[in-house]
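Enquirer: Numbering (the working numbering), first residue to last: 3 to 184.
#1: Determine the direct distance from the alpha carbon of residue 105 to that of residue 158, and round the result to whole angstroms.
#2: How is residue 151 classed by DSSP in three states: helix, strand or coil?
#3: Taking Cβ positions, are residue 171 and residue 75 nearer each other than 8 angstroms?
#4: Are residue 144 and residue 160 closer than 8 angstroms when you measure CB to CB?
#5: Within a Cβ cutoff of 7 angstroms, which residues of the same chain sit near residue 126, ignoring the five residues on either side of it in sequence?
#6: For the beta strand (DSSP E) holding residue 181, just list the boundary residues, first then last.
#7: By DSSP, does residue 168 sit in helix, in strand, or in coil?
#8: Taking CB distances under 8 angstroms as the criterion, tell me whether residue 149 reaches chain C.
#9: With DSSP as the reference, label residue 163 as helix, strand or coil.
#10: Tell me which residue opens and which closes the alpha helix (DSSP H) that residue 85 is part of.
#11: State the start and end residues of the unbroken beta strand (DSSP E) segment that holds residue 144.
#12: What's the C-alpha gap between residue 115 and residue 109?
#13: Spatial neighbours of residue 163 within its chain, please: CB distance less than 6 angstroms, with the 5 preceding and 5 following residues excluded, ordered by chain position.
#14: Tell me the rounded alpha-carbon separation between residue 139 and residue 184.
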């Protein structure tokens with residue numbers, strides 16, 4: 003199975019859409035459609051799957067998006083914020099602007115391009131365990147004064163979670179959450 007951490011933007015969305023179509027076709031016992039889709043699109047997908055340093059690109063793009071007004075306030079230390087965010091459910095809800103944009107492969111349909119997490123259905127994020135199994139999982143952390151990204155993905159499997167935090171008026175907020183489970 004393809005590993006989603008090597009895909010970017012439109013390619014990742016295309017793969018998710020294709021897999022959702024195939025899942026739906028198989029559920030309707032329409033194996034012919036699923037087979038045609040696979041035969042037609044697999045060469046295109048494999049040709050477009052390459053690691054072109056997505057981490058650096060994400061960091062550069064996200065840093066450019068941050069507005070200059072976010073830096074005029076005294077910024078709370080990210081590590082202190084993150085510790086409280088992952089341990090205090092009330093604080094966590096206060097630091098998320100709902101509906102929260104992102105991706106949720108379990109809750110998206112083939113026509114969806116973005117998913118909006120709702121406050122009433124939010125599951126508390128407890129953080130990435132410090133003792134995570136690095137043989138089977140890859141953890142990426144990017145930090146600056148304008149963005150913080152935490153991403154964990156299971157190696158050789160299309161599972162990943164990505165959390166993007168940005169400051170507003172000196173306080174950190176979760177602004178994007180991606181949950182890919184294919």
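A virtual CB, placed ideally from N, CA and C, is assigned to each residue, including glycine.
It should be emphasised that the depicted structure is a prediction, and the values quoted were computed from it without experimental measurement.
Expert: Working from what's here:
#1: 20 angstroms
#2: strand
#3: yes
#4: no
#5: 91, 94
#6: 173–183
#7: strand
#8: Absent here is chain C; the protein component of the structure consists of one chain.
#9: strand
#10: 80–87
#11: 139–145
#12: 12 angstroms
#13: 154, 181
#14: 16 angstroms
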